[in-house]
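Undergrad: Sharing a structure with you now.
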Amino acid sequence: MLRGPRPRFRPAHIPLHLALIAGGVVMLLPFAWMLSTSLKPPAEVFAYPPIWLPSALAWENYQKAWASMPFGRYYLNSLLVTTSVTVIQLLTASLAAFAFARLRFWGREALFLLYLAALMIPAQVTMIPNFVLVRALGWYDTYQALILPPAFSALSTFLLRQSFRSIPHDLDEAARIDGASSLRIWWSVLLPLIAPALSALAIITALGSWNEFLWPLIVTNSDAVRTLPVGLSAFQGQFKVEWNLLMAGSVIAMLPILALYTAAQRQFIQGVAMTGGR
36 MLRGPRPRFR PAHIPLHLAL IAGGVVMLLP FAWMLSTSLK PPAEVFAYPP
86 IWLPSALAWE NYQKAWASMP FGRYYLNSLL VTTSVTVIQL LTASLAAFAF
136 ARLRFWGREA LFLLYLAALM IPAQVTMIPN FVLVRALGWY DTYQALILPP
186 AFSALSTFLL RQSFRSIPHD LDEAARIDGA SSLRIWWSVL LPLIAPALSA
236 LAIITALGSW NEFLWPLIVT NSDAVRTLPV GLSAFQGQFK VEWNLLMAGS
286 VIAMLPILAL YTAAQRQFIQ GVAMTGGR
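Counting with this note's numbering, you get residues 36 to 313 for the letters of the sequence shown.
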């Protein structure tokens, strides 16, 4: 693989680099505090002055956090819901974006404006109608209630439409001359070209679905379908919060999404640049 020339060091960029390093350190401080708290005994959680390094590493906090609730079941539920929401959302958003960007039909622009108008409605406004619909369909406390409502996104459609619009229309015309249908052009010609944008959207969607708390809290009532964020709330009692166990559980919960971001970091940056640069 050919690599471009290495960027030259310029003294004028030193203030910018220092500012970026300072910003990075500030962003990492909450994570460092969470990791530190997860290894503290209860007596040192609220010690004053604050203690960054506990006197003795309490690794048993992770064992207690794992054993205090059905973490394995929550993990499987979160993996199932996150994977399903991400796959369905990529599929539906890419199909809608392809129609808005590459197909010509009556009322296309007006319909797309309605799509954009949906972005202006706060999620809290649609939560009650969605809950009433879920109850009417008999989906309360089921996987359908966790997966289907968040599986469709106007924002994802908008982002992918921008990526489709960056590709020359000559490719469509050449494919149609060869006899390809619209679905074949969408799947075989255009989707591979916007792979970085799809990767970025997949990471954003997976991250949002993995950390979603309010909707799973509303539509679930049993450990059989509860997800990790709802399970972690069990550490917050009415009169007491076990912060060290809560932080240990939070560290365990963030490992899969951290591994996903680390593995797809390059595609994520390329996708953001591809979508935002047009």
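C-beta: ideal position from N, C-alpha, C; glycine also. Predicted model only: the values in this text are computed from it and were never measured.
Can you tell me whether W245 is buried or exposed? The criterion is at least 16 other CB atoms within 10 Å of its CB, across all chains shown.
TA: By the 10 Å Cβ count, W245 comes out buried.
Undergrad: What do you reckon, are the CB atoms on L195 and S129 nearer than 9 Å?
TA: In this structure, S129 lies closer than 9 Å to L195 by Cβ.
Undergrad: Do F135 and Y150 have their C-beta atoms closer together than 9 Å?
TA: A contact, by the Cβ cut-off of 9 Å.
Undergrad: State the Cα-Cα distance for the pair F106 and V265, rounded to the nearest angstrom.
TA: Spanning the two alpha carbons is a distance of roughly 11 Å.
Undergrad: When DSSP labels each residue in this structure, what does V260 get in the three-state scheme?
TA: Note: V260 maps to coil in three-state DSSP.
Undergrad: Tell whether a beta-carbon distance below 9 Å holds between L183 and I123.
TA: In this structure, I123 lies closer than 9 Å to L183 by Cβ.
Undergrad: Could you check if K75 is buried or exposed, using at least 16 other CB atoms within 10 Å of its CB as the buried criterion?
TA: By the 10 Å Cβ count, K75 comes out buried.
Undergrad: Any heavy atom of the ligand ATP closer than 8 Å to the beta-carbon of A153?
TA: The model on display carries no ligand, and the ligand ATP is accordingly not part of it.
Undergrad: Per DSSP, Q271 forms a beta bridge with which residues?
TA: Per DSSP, V276.
Undergrad: Quick one: which unbroken alpha helix (DSSP H) runs of 4-plus residues sit fully inside the segment 62-140? Chain order, please.
TA: You should have 95-102, 106-137.
Undergrad: Around the Cβ of W221, are there at least 16 other Cβ atoms within 10 angstroms (buried) or fewer (exposed)?
TA: The residue is buried, with at least 16 neighbouring Cβ atoms inside 10 Å.
Undergrad: What does a CB cutoff of less than 6 Å around P185 pick up in its chain, not counting 5 residues either side in sequence?
TA: Correct list, in chain order: V120.
Undergrad: For a test of the three-state rule: what should DSSP assign to D213, helix, strand or coil?
TA: In the structure shown, D213 sits in coil (DSSP, three-state: anything other than H, G, I, E or B).
Undergrad: Would you mind stating whether R137 and L225 have Cβ atoms separated by less than 9 Å?
TA: Yes.
Undergrad: With distances taken from CA atoms, which of Y175, L125, A230, L236 is nearest F187?
TA: If we check each option's Cα against that of F187, L125 comes out closest.
Undergrad: Just mark I163 as buried or exposed, buried being the case when its beta carbon has 16 or more other beta carbons within 10 Å.
TA: Label assigned to I163: exposed.
Undergrad: With H, G and I counted as helix, E and B as strand and the rest as coil, what does DSSP make of I202?
TA: In the structure shown, I202 sits in coil (DSSP, three-state: anything other than H, G, I, E or B).
Undergrad: Name the residue from K99, Q98, L70, W94 whose alpha carbon lies nearest to the alpha carbon of W87.
TA: With distances taken between Cα atoms, W87 lies closest to L70.
Undergrad: What is the rounded straight-line gap between the Cα of L206 and the Cα of P231?
TA: If you take the alpha carbons of L206 and P231, they lie about 19 Å apart.
Undergrad: Could you tell me which of F248, G58, V260, L154 sits nearest to S191, measuring between CA atoms?
TA: Checked all of F248, G58, V260, L154; the closest Cα to S191 is L154.
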